[in-house]
Structure formats: C-alpha cells, structure tokens
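There are 2 protein chains.
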Amino acid sequence: MTHDTAPSRKADTRMRLLDAAEAVARRLGPGNLSLDAVAAEAGVSKGGLLYHFPSKSKLLEALVAHHLSRLDAALRAEEATGRPNAAITAYMDQFLQEAARQKPPASGLLAALAENPQLLDPIRARERDFLARIRADSTDPDFATVAFLVVHALRAMKMLDTEVLDEAEAQSMIGWLNRRLQDGDT
Amino acid sequence: MTHDTAPSRKADTRMRLLDAAEAVARRLGPGNLSLDAVAAEAGVSKGGLLYHFPSKSKLLEALVAHHLSRLDAALRAEEATGRPNAAITAYMDQFLQEAARQKPPASGLLAALAENPQLLDPIRARERDFLARIRADSTDPDFATVAFLVVHALRAMKMLDTEVLDEAEAQSMIGWLNRRLQDGDT
DNA sequence: TTGACTGTACCGGCTGGACGGTATAGTTGC
DNA sequence: GCAACTATACCGTCCAGCCGGTACAGTCAA
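Next up, the structure:
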C-alpha cells in the first residue's frame, strides 16, 4: 500500500482532488460543493484534502488555474505557426478537440463563480487577451470576433449543460466559420 | 412612509423581493444568497419573505420565471410582424434594449444554477425553442444561427460581468450581423 | 546498525457559526 | 376581519477550518 512507483504521489493526489472537485460540482450543483464530499470522492480524508489545499478558496483557485493552464498550453502550441488567422483557427480547433474528449469540461469554474466571482478574474483577463490576439493577426477582425463569440457561446452552453446544438451541429458551425475565414470575404 | 399609490401592495413587495435577491446575488456571489440577506435588502422581515415565497427554492424558481416572462413578452411583440428574419432580428433588438437599460440583468439566474441546476430547465427549453423559430423563418439558417450564438455569447458575458467587449463594440457587432442579414449573402 | 529526530502525507473527530425553516404573538390598513 | 405583514426566538443541519494524532521515509550521529 505504500509503494511509490509513480513520479510523484503528491502531484497525483492533488490531481485526483481536482478531478473529484469537478465531479462533485457537476453532480451536486456548483453551489453545493463541500470539502467533505470532495475528500470522499477522491478517496482522501478531509485532513488530507486540507493538507494540499489549506482552504476551500485555494482549492477553487487551483481549479481555475488548472483549467487555464490546459487551455493555454494547447493554444500556444497551435498558434505558434504564425500564419494569418492562426489565433482564431487555433481557438476553434482547441474547442473541437476539447469537445471531442469524452470528459465534459464541466465546471469547477461554476463552483468558483458561485463562491466568489473574483476567482474568475484570471479567466476574464485571459479571454480578453485571446480576443486581442485574434483580432491582431486576422485578415478580417470583425469576422474573427464573430468566430470568437460563437466559440464562446458553444463553450458556455457546454458548461451549463444546455445542448441547444448537438455535437454535429456545433461541428458544422465551426466548419462554416472556417470556410468563411479561408475565403476571406469582407 | 406608508403611502400606497401602487396598484397592489402584494405584487409590489414581491417585486422588491425579487430585485433584492438579484442585488444580493450580485453583491455576495451567486452561491452566498441567503434569505436573511434578501429580506434585509428588500426592507422586509424574514417572516414576510417566507410569506411570499414559502421556500428558497420557490424564490429562485420565481426569479427564473420572472426573467423568462420579461424576455418572452419583449420577443413575441417584435416577432409578430411575420417578416423574414423577424425572429433573429427581434432577438438581437431585444438584447440591445436590455443592454441599454442601466439595470444589469445580473444573475439571480446564477444563484438558481448554483443551488440546483434543474431550476434552469425552463430556460434551456425556451432557448431551444427560440433557435428553432429563428432557423425556421430565416433566409439563411446557418447565418441566423451564428447571429443567435453571438447574442448568446454577449448575454453570457454580461451575466458573468466579463466585459470582453464594451458596449460600443457589442453594438457594432450587432450592427454588422444586421447588415449581413439584410444583404442576404449565402 | 541502531536509535533519536525530522519532514511529509494523511487521518478523523470536533466546534463554532451560518443558514433554512418553523413558530408564535402582535400590528396595520383596506 | 382578513390579508399582509413585523419582530423575535428557536431548532436542526450542514460545513469550513482546526487540531491532535499516525505512519513512514530519510538523515545523521555515536
């Protein structure tokens, strides 16, 4: 029970706790996230949880940071090509990949929002940054902004489990935008 | 202090309570909405609050219903003209009007979501309904869907206090969409 | 090599406060 | 005289954060 072949037991437990927090938030509702429930879900005691995250706020903060770093890493790689419209294209691709993964990105984010809206400040800042980059390197800033907003809406719907458009419709929507982007009409 | 020129004291108090709930949700965060805080904000005793809404769940339900009825009334009126693209045009106009009003629509909705995501089911259903109508009476369903999603994104951002685009940018975005709709390009 | 000591990772019980809801007795205005 | 409240007290539950442990791996000195 005390072997340690994994790279880091600590990092693994941290990750399990973050995953557990998202699962619980999705199951019980963003406002009903309790530390006890998270600990139980992760198979860790409450003390153990508080060892890794000294307060609930820190846990939610980590949840936001984790979400951000995943998105950011995926984007920077794709965006580095430097072609025109690279930023918006990467943004759309990233969404498609994220959507294709079975794991619903689900919202520990909503739990963070429920507890303290300020926790989402980093996300707001990053989103503004994305839009600026998207407009900067696009051939048609207005249209690129439209594409950005469409992706934003699709993500928001997934987060809220809304499903106004199904998977296929969302994909065809993205395809439609991509085609317009390459045609470059004004 | 005890004048009563309004049509109904009961309805007035109900409205004040709903407004107070939204204000508190915005100030304390959606997950920190307490009945005591709402009663205090509205200048009503806790007993009075529970007289009108026998449980917190009922209050949140009423918040959702209130939001829905306002949106619906505004839309049906504008949509009744029967012209092509009437639905999506009405949807966009409605957003602009709502945005122009000083009152941030703010989200008692988020409070409802935090407590129990199922409370938003009526909103999801209505949103699906809107999209269906929008596609049905539009000259270019794909483009109408894009417009719908853009408005959706702008609303979501307002709700989350994101402000990625400012008022003027949002308006110019809507204007851009409107122009495309009237040109009727494929 | 052994025994004292240290730091890390984690356990689980407890407490104090917040909050939803109940109860009840009184008050005001139409 | 009833509907629409006010005022206050109270109960039970939930929950964040705290704290005193435990297990164990590594270190280092004698």
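Line by line, the protein sequences are chains A and B.
Residue numbering for the first sequence follows my numbering, starting at 1 and increasing by one per position.
Residue numbering for the second sequence follows my numbering, starting at 1001 and increasing by one per position.
Quick reminder that beta carbons are idealized off the backbone N, C-alpha and C, glycines included.
Contacts of residue i in chain B (Cβ-Cβ under 7 Å)
| i | result |
| --- | --- |
| Asn85 of chain A | Correct list: empty, because the minimum Cβ distance to chain B is about 17 Å. |
| Pro54 of chain A | Residues of chain B passing the Cβ test: none, with the nearest at roughly 20 Å. |
| Glu115 of chain A | Gly1029, Gly1031 |
| Leu131 of chain A | Val1164 |
| Leu75 of chain A | Within 7 Å Cβ-Cβ: nothing; Leu75 of chain A doesn't reach chain B, min ~16 Å. |
| Leu50 of chain A | Those do not exist, as Leu50 of chain A stays about 20 Å from chain B at its closest Cβ, beyond 7 Å. |
CA nearest to the CA of residue i, picked from the options
| i | options | result |
| --- | --- | --- |
| Glu115 of chain A | A:Asp12, A:Gly31, A:His152 | A:Gly31 |
| Thr1145 of chain B | B:Glu1079, B:Leu1181, B:Glu1169 | B:Leu1181 |
| Arg128 of chain A | A:Leu149, A:Gly47, A:Asn178 | A:Leu149 |
| Ala1042 of chain B | B:Ala1087, B:Leu1160, B:Arg1135, B:Leu1017 | B:Leu1017 |
| Leu1063 of chain B | B:Ser1045, B:Glu1022, B:Leu1035, B:Asn1178 | B:Glu1022 |
| Gly108 of chain A | A:His152, A:Gln171, A:His66, A:Glu78 | A:His66 |
| Arg1133 of chain B | B:Pro1117, B:Ala1111, B:Phe1143, B:Ala1087 | B:Ala1087 |
| Met1173 of chain B | B:Asp1183, B:Thr1162, B:Ala1153, B:Asp1161 | B:Ala1153 |
| Tyr1091 of chain B | B:Arg1070, B:Ala1111, B:Leu1110 | B:Arg1070 |
| Ala156 of chain A | A:Ala106, A:Asp121, A:Met15, A:Arg83 | A:Ala106 |
| Met1015 of chain B | B:Arg1124, B:Ala1039, B:Thr1139, B:Leu1033 | B:Ala1039 |
| Leu96 of chain A | A:Arg179, A:Gly175, A:Thr13, A:Asp183 | A:Gly175 |
| Ala136 of chain A | A:Glu79, A:Pro122, A:Arg101 | A:Glu79 |
| Asp1142 of chain B | A:Asp140, A:Leu113, A:Glu169 | A:Glu169 |
| Pro1122 of chain B | A:Arg124, A:Thr162, A:Leu119 | A:Thr162 |
| Leu1120 of chain B | A:Ala99, A:Ala37, A:Leu160 | A:Leu160 |
| Asp1183 of chain B | B:Val1164, B:Gln1171, B:Asp1140, B:Val1151 | B:Asp1140 |
| Phe130 of chain A | A:Leu68, A:Pro117, A:Thr13 | A:Leu68 |
| Arg27 of chain A | A:Ala111, A:Arg179, A:Ala147, A:Glu98 | A:Ala111 |
Where residue i falls, given that 16 or more other Cβ within 10 Å makes a residue buried
| i | result |
| --- | --- |
| Gln1094 of chain B | buried |
| Thr89 of chain A | buried |
| Asp166 of chain A | exposed |
| Tyr1051 of chain B | exposed |
| Gly48 of chain A | exposed |
| Lys194 of chain A | Examination of residue 194 of chain A is not possible in this model, given that chain A is present from 1 through 186 alone. |
| Lys158 of chain A | buried |
| His1003 of chain B | Here His1003 of chain B scores only 37 on pLDDT, less than 50, and its place in the model should not be relied on; the value that follows carries that caveat. That one is exposed. |
| Ala77 of chain A | exposed |
| Gly29 of chain A | buried |
| Ser1055 of chain B | exposed |
| Pro1007 of chain B | Note that Pro1007 of chain B scores a pLDDT of 48, beneath 50, so its modelled location is shaky and nothing firm can be said. |
| Ala1020 of chain B | buried |
| Ser1138 of chain B | buried |
| Pro1084 of chain B | exposed |
| Ala1073 of chain B | exposed |
| Ala1125 of chain B | exposed |
| Ala1100 of chain B | exposed |
| Ala1025 of chain B | buried |
| Ala147 of chain A | buried |
Listed by chain order, chain A residues near residue i by CB distance under 8 Å
| i | result |
| --- | --- |
| Glu1041 of chain B | The premise fails here: Glu1041 of chain B is roughly 18 Å from chain A at the closest Cβ pair, so nothing lies under 8 Å. |
| Ala1156 of chain B | His152, Ala153, Ala156 |
| Val1146 of chain B | Val146, Val150, Met173, Trp176, Leu177 |
| Ala1090 of chain B | None at all; the shortest Cβ gap to chain A is about 18 Å. |
| Ala1181 of chain B | In the sequence on display, residue 1181 of chain B carries Leu and not Ala. Chain A residues near Leu1181 of chain B: none, gap ~13 Å exceeds 8 Å. |
| Leu1035 of chain B | Correct list: empty, because the minimum Cβ distance to chain A is about 14 Å. |
Contacts that residue i makes with chain B (C-beta to C-beta distance below 8 Å)
| i | result |
| --- | --- |
| Thr187 of chain A | Coverage of chain A is limited to positions 1 through 186, which leaves residue 187 of chain A absent and any answer about it impossible. |
| Glu22 of chain A | Result: empty, since nearest Cβ-Cβ is about 14 Å, beyond 8 Å. |
| Leu71 of chain A | None at all; the shortest Cβ gap to chain B is about 15 Å. |
Contact list for residue i against chain A, beta-carbon separation under 9 Å
| i | result |
| --- | --- |
| Glu1098 of chain B | Per Cβ cutoff of 9 Å: no residues; Glu1098 of chain B is ~17 Å from chain A at best. |
| Leu1017 of chain B | Going along chain A, no residue has its Cβ under 9 Å from Leu1017 of chain B, so there is no contact; the nearest lies around 20 Å. |
Within chain A, the residues that residue i reaches when beta carbons sit closer than 7 Å
| i | result |
| --- | --- |
| Asp1142 of chain B | Trp176 |
| Leu1068 of chain B | The contacting residues do not exist; Leu1068 of chain B stays about 15 Å from chain A at best. |
| Ala1063 of chain B | Before going further, note that residue 1063 of chain B is Leu rather than Ala in the sequence given. In chain order: nothing, as chain A lies at least about 14 Å away. |
Within chain B, partners of residue i - CB distance below 9 Å
| i | result |
| --- | --- |
| Glu79 of chain A | The premise fails here: Glu79 of chain A is roughly 18 Å from chain B at the closest Cβ pair, so nothing lies under 9 Å. |
| Leu60 of chain A | Within 9 Å Cβ-Cβ: nothing; Leu60 of chain A doesn't reach chain B, min ~11 Å. |
Exercise. Using a Cβ-Cβ cut-off of less than 9 Å, give me the residues of the stretch 1168-1179 of chain B that come near chain A, in sequence order.
Key: Listed in sequence order: Glu1169, Ser1172, Met1173, Trp1176, Leu1177.
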